[in-house]
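Sequences listed follow chains A and B, in order. Residue 189 in the working numbering sits at position 189 of the first sequence; the count goes up by one each step and never skips. Residue 1248 in the working numbering sits at position 248 of the second sequence; the count goes up by one each step and never skips. For every residue, glycine included, the Cβ atom is placed at its ideal position computed from N, Cα and C. Only one structure is covered here, and it is reproduced in the block below.
Protein chains: 2
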Amino acid sequence: MGHTMREVAKRAGVSPATVSRVLNKTRYISVETQRRVLEVVRQLKYFKNVHARRLATGRSDLFGLVISEIANPYFPEVIRGFQAAAWDRGFDVILCNTQYDQARTKSILRKLIESDVRGVAVMTSSIDKATASELIDAGIGVVFCNVGPAGKLVSTISIDYQRGIEQAIEHIVGLGHRRAAVIAGPGDNRTAITIKDALVAGLKKRNLNPFPVINSNYRVDAGASAVRAMLSTTDKPTAIFCGSDLIALGAMSALEEAGAGIPEDISVIGIDDISFAFLARPPLTTIRVPRERVGTTAFEALDRMLKLKRRKGADYYLETELVVRRSTATAR
Amino acid sequence: MGHTMREVAKRAGVSPATVSRVLNKTRYISVETQRRVLEVVRQLKYFKNVHARRLATGRSDLFGLVISEIANPYFPEVIRGFQAAAWDRGFDVILCNTQYDQARTKSILRKLIESDVRGVAVMTSSIDKATASELIDAGIGVVFCNVGPAGKLVSTISIDYQRGIEQAIEHIVGLGHRRAAVIAGPGDNRTAITIKDALVAGLKKRNLNPFPVINSNYRVDAGASAVRAMLSTTDKPTAIFCGSDLIALGAMSALEEAGAGIPEDISVIGIDDISFAFLARPPLTTIRVPRERVGTTAFEALDRMLKLKRRKGADYYLETELVVRRSTATAR
DNA sequence: CTGAAAGCGCTTACAG
DNA sequence: CTGAAAGCGCTTACAG
Chain A
1 MGHTMREVAK
11 RAGVSPATVS
21 RVLNKTRYIS
31 VETQRRVLEV
41 VRQLKYFKNV
51 HARRLATGRS
61 DLFGLVISEI
71 ANPYFPEVIR
81 GFQAAAWDRG
91 FDVILCNTQY
101 DQARTKSILR
111 KLIESDVRGV
121 AVMTSSIDKA
131 TASELIDAGI
141 GVVFCNVGPA
151 GKLVSTISID
161 YQRGIEQAIE
171 HIVGLGHRRA
181 AVIAGPGDNR
191 TAITIKDALV
201 AGLKKRNLNP
211 FPVINSNYRV
221 DAGASAVRAM
231 LSTTDKPTAI
241 FCGSDLIALG
251 AMSALEEAGA
261 GIPEDISVIG
271 IDDISFAFLA
281 RPPLTTIRVP
291 RERVGTTAFE
301 ALDRMLKLKR
311 RKGADYYLET
321 ELVVRRSTAT
331 AR
Chain B
1001 MGHTMREVAK
1011 RAGVSPATVS
1021 RVLNKTRYIS
1031 VETQRRVLEV
1041 VRQLKYFKNV
1051 HARRLATGRS
1061 DLFGLVISEI
1071 ANPYFPEVIR
1081 GFQAAAWDRG
1091 FDVILCNTQY
1101 DQARTKSILR
1111 KLIESDVRGV
1121 AVMTSSIDKA
1131 TASELIDAGI
1141 GVVFCNVGPA
1151 GKLVSTISID
1161 YQRGIEQAIE
1171 HIVGLGHRRA
1181 AVIAGPGDNR
1191 TAITIKDALV
1201 AGLKKRNLNP
1211 FPVINSNYRV
1221 DAGASAVRAM
1231 LSTTDKPTAI
1241 FCGSDLIALG
1251 AMSALEEAGA
1261 GIPEDISVIG
1271 IDDISFAFLA
1281 RPPLTTIRVP
1291 RERVGTTAFE
1301 ALDRMLKLKR
1311 RKGADYYLET
1321 ELVVRRSTAT
1331 AR
């Protein structure tokens, strides 16, 4: 605790109200008075107290961003996008990771409500709508990802995996593949299910009966062990569609270990295009999710919704797109 | 803004003070009164307002964590460690990324001071001691990484690269290498300089005259272009020590592109052991920096320092260690 | 263009 | 074991 506005006011020979107005530029104050006030502020190295301000105004300049695990390479760009959008408009963000922990999730929600955030972006499936209803009850806007539909105080962002998946399947078919497998994410994860269903449906539509179709988790080693199981069967796939890049990287690792050539013997397709996808050798072909835009869109969705009288949410859609990477060595 | 403590008090037939005491467990309150209060809290879905609390207590439960860029894979574990340590003790953290931007850095510092944080962990070289002095002036404790020495309100964490580097050099010498190059980080980055000096000194000590020694930046493509320049010379190195894993991954990528075999033709050593190091093919041999411990130590350093009368800081040391990874394919 | 005063929603000595 | 009251440091109608 340093100085207070009162001290600044006294030294500048004005009232606290005037200091407040100068600092917040909330009213025209004579140039001379401004100068005096700012001079004292500089001398004293005065900073106003944001807690007092928030209490006095009764509205906070805070938004929450909830993710599951910061080490998951899906999130950095989402965070950056959200934060940038919030900062641009003068808002601050509280970043929370659930770590997939129930107790922690509870305490995050409490903390967010106590902090009187205006809105919360829930970018992980580790919190569902029911859990987040505490936020809604408190009058806080929420935006979800891949959980519909919108409603009062609820907006959604839906990532359209369809398009990227179709492109990927065309790509694989064009390469002459006839046997495709699917390693999906966790069976209890909504996004993972959506992706799996889209993959299976898309493959069937092209008369490729996907087999096997495995549920995995989002850790790299899970992709690897799924592949090991797959390779011990007789009817081996020639292409593997993975529910995320991490799964794909694990799959590639296991394939290499088993001596299978990629893409000569088998093709692997991921989803997300995490920033490390291009480092994989051979480079990972994947379906890009516009993660930074997921973040900015999430903020904008909240911001817009909260400006509406009825605070009725909306649904936003973001496209995916196939990214084909060739080994630069091969490409020359 | 939902209900207030006053409303809860009225409904429960007690005074606001009692409600406060029940909720904060700051005094013994009769079981019956507690029950009544908590019942009303539940009914009303009451949450206390943290801003009012912070203003009233006059001390915040906030710590700042400053990094440069969230997409840099060095940071996630640091963040996780810091956050976990803070949460464990009931503190919250404000995460800020400078994005290497001066104006943004300024505004981060202001925000941190206005938020009345108790301490700030500055985990990026993009803020130096002079810049951070604003925090110290405001009575806020600071912990730096690889910037010494400690002082009033200043603690430091020093990562001892020496040990890992010596192990790495022994390893390389043991493999029969005689010509080593160094691709260091940016020449204006203190940590990068420390690492470079340690590498050069260590190599000389083993009678390996490092050549060339190049300054790069921490982006992957920089490592790649450094290698390209290197390969066009006559006296090619057989081992390349890189100032970070990202540089090393870029270097490996350029080597592959040029048709050089790793490690048959040339060995590459990174620093950090980012979580993706093991995905590189061939797997990246690197010097591990205990990043999660950097985070927890940073918090503990602040916490301890702030409990001292004189708030005199201390220096903490963290060891590094060589991690040799063999391609699993080769290992069988 | 500026000030006096009330109020934001808590906490905490002080008193009983 | 509990309450009345002052105070935390701002902001903002209201008034002039």
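Per DSSP, cross-strand counterpart(s) of residue i
{"i": "Arg288/A", "result": "Asp272/A, Glu321/A"}
{"i": "Asp1315/B", "result": "Thr1156/B"}
{"i": "Ser267/A", "result": "Ala239/A"}
{"i": "Ala168/A", "result": "Its beta-bridge partners do not exist; DSSP assigns none."}
{"i": "Val19/A", "result": "In DSSP, Val19/A forms no bridge with anything."}
{"i": "Ile1183/B", "result": "Ile1214/B, Cys1242/B"}
{"i": "Gly1063/B", "result": "At residue 1063/B the sequence reads Phe, which differs from the Gly that was named. Paired residue(s): Val1093/B, Gly1119/B."}
Minimum C-alpha distance to residue i - residue among the options
{"i": "Gly90/A", "options": "Glu321/A, Ser133/A, Phe299/A, Gln167/A", "result": "Phe299/A"}
{"i": "Arg163/A", "options": "Gly151/A, Leu153/A, Ile195/A, Leu175/A", "result": "Ile195/A"}
{"i": "Arg59/A", "options": "Val1014/B, Ala1052/B, Phe1063/B", "result": "Ala1052/B"}
{"i": "Ala192/A", "options": "Gly270/A, Pro16/A, Val173/A, Thr297/A", "result": "Gly270/A"}
{"i": "Phe75/A", "options": "Arg310/A, Ala301/A, Arg291/A", "result": "Arg291/A"}
{"i": "Asp1188/B", "options": "Ile1214/B, Asp1272/B, Pro1016/B", "result": "Ile1214/B"}
{"i": "Ala198/A", "options": "Arg178/A, Asn217/A, Gln102/A, Ala168/A", "result": "Ala168/A"}
{"i": "Pro1212/B", "options": "Leu1231/B, Asp1061/B, Ala1222/B", "result": "Leu1231/B"}
{"i": "Val1200/B", "options": "Ser1267/B, Ile1165/B, Val1041/B, Val1143/B", "result": "Ile1165/B"}
{"i": "Asp221/A", "options": "Lys205/A, Thr234/A, Lys25/A, Met252/A", "result": "Met252/A"}
{"i": "Ala1224/B", "options": "Arg1206/B, Asp1245/B, Asn1209/B", "result": "Asp1245/B"}
{"i": "Met305/A", "options": "Arg206/A, Ile140/A, Ala277/A, Asn207/A", "result": "Ile140/A"}
{"i": "Glu321/A", "options": "Glu170/A, Ala280/A, Asp265/A", "result": "Glu170/A"}
{"i": "Pro237/A", "options": "Arg178/A, Leu249/A, Gly202/A", "result": "Arg178/A"}
Own chain partners of residue i with C-beta closer than 6 Å, once the 5 adjacent residues on each side are dropped
{"i": "Ser1126/B", "result": "Ser1068, Thr1098, Tyr1100"}
{"i": "Val1323/B", "result": "Asp1273, Thr1286, Arg1288"}
{"i": "Glu1319/B", "result": "Asp1160, Arg1163"}
{"i": "Arg337/A", "result": "Because chain A spans 1 through 332 in this model, residue 337/A falls outside it and cannot be assessed."}
{"i": "Ala1085/B", "result": "Thr1296, Phe1299"}
{"i": "Val1019/B", "result": "Met1005, Val1008, Ala1009, Val1037"}
{"i": "Val1143/B", "result": "Ala1121, Ser1155, Ala1298, Ala1301, Leu1302"}
{"i": "Arg967/B", "result": "Any question about residue 967/B goes unanswered here, given that chain B covers just 1001 to 1332."}
{"i": "Tyr1218/B", "result": "Gly1185, Ser1244, Leu1246"}
{"i": "Ala138/A", "result": "Ile113"}
Same chain, Cβ closer than 7 Å to residue i, neighbours up to 5 away in sequence not counted
{"i": "Arg332/A", "result": "Per-residue confidence for Arg332/A stands at a pLDDT of 24, beneath the threshold of 50, marking its modelled position as unreliable; the derived number appears in the next sentence. Contacts found: none."}
{"i": "Lys10/A", "result": "none"}
{"i": "Arg1228/B", "result": "Ala1254"}
{"i": "Asp61/A", "result": "Gly90, Phe91, Asp92"}
{"i": "Val147/A", "result": "Lys129, Thr156, Arg190"}
{"i": "His1003/B", "result": "Leu1044, Tyr1046"}
{"i": "Ala1329/B", "result": "Annotation note: pLDDT 35 at Ala1329/B (below 50); position unreliable, coordinate value reported separately. Closer than 7 Å at the Cβ level, and outside the excluded window around Ala1329/B, lies no residue."}
{"i": "Ala1280/B", "result": "Leu1249, Met1252"}
Neighbour list for residue i in chain A, Cβ cutoff strictly below 8 Å
{"i": "Asp1116/B", "result": "Met1, Asn49, Val50, His51"}
{"i": "Leu1095/B", "result": "Leu95"}
{"i": "Arg1054/B", "result": "His51"}
Amino acids of chain A, ordered along the chain, whose beta-carbon sits closer than 7 Å to that of residue i
{"i": "Ile1070/B", "result": "Pro76, Ile79, Arg80"}
{"i": "Ser1275/B", "result": "Ala71"}
{"i": "Ser1216/B", "result": "Per Cβ cutoff of 7 Å: no residues; Ser1216/B is ~16 Å from chain A at best."}
{"i": "Ser1232/B", "result": "Under the 7 Å cutoff, chain A gives no residues; its nearest Cβ is about 16 Å from Ser1232/B."}
Interface partners of residue i on chain A, CB under 9 Å
{"i": "Lys1111/B", "result": "Val50, Asp92"}
{"i": "Asp1249/B", "result": "Strictly speaking, residue 1249/B in this sequence is Leu, with Asp absent from that position. In chain order: Phe276, Leu279."}
{"i": "Val1267/B", "result": "Contrary to the premise, residue 1267/B reads as Ser rather than Val in this sequence. Those do not exist, as Ser1267/B stays about 16 Å from chain A at its closest Cβ, beyond 9 Å."}
{"i": "Ser1020/B", "result": "Per Cβ cutoff of 9 Å: no residues; Ser1020/B is ~14 Å from chain A at best."}
{"i": "Ser1030/B", "result": "By Cβ distance, chain A contributes nothing, its closest Cβ being about 25 Å from Ser1030/B, past 9 Å."}
Interface residues of chain B facing residue i [CB-CB closer than 8 Å]
{"i": "Ala138/A", "result": "Gly1002, Lys1045, Phe1047"}
{"i": "Ser225/A", "result": "The premise fails here: Ser225/A is roughly 13 Å from chain B at the closest Cβ pair, so nothing lies under 8 Å."}
Beta-carbon contacts of residue i that lie in its chain and below 8 Å, excluding the five residues immediately before and after
{"i": "Glu1032/B", "result": "none"}
{"i": "Glu256/A", "result": "Ile262"}
{"i": "Lys204/A", "result": "Pro210"}
{"i": "Ile136/A", "result": "Val142, Lys152, Leu153, Val154"}
Neighbour list for residue i in chain B, Cβ cutoff strictly below 7 Å
{"i": "Ser244/A", "result": "Chain B residues near Ser244/A: none, gap ~13 Å exceeds 7 Å."}
{"i": "Ser126/A", "result": "The contacting residues do not exist; Ser126/A stays about 15 Å from chain B at best."}
With three or more beta-carbon pairs closer than 8 Å as the criterion, would you say the segment 1237–1249 of chain B touches the segment 1177–1186 of chain B? yes
Inspect the CB distances between the segment 1107–1119 of chain B and the segment 1070–1083 of chain B and report whether three or more fall short of 8 Å. no
For the segment 299–319 of chain A and the segment 1007–1022 of chain B, state whether three or more C-beta atom pairs, one from each stretch, are separated by less than 8 Å. no
Pairing CB atoms from the segment 1304–1311 of chain B with CB atoms from the segment 1165–1180 of chain B, are three or more of them under 8 Å? no
Is there contact between the segment 1041–1048 of chain B and the segment 1252–1270 of chain B, where contact requires at least three CB pairs shorter than 8 Å? no
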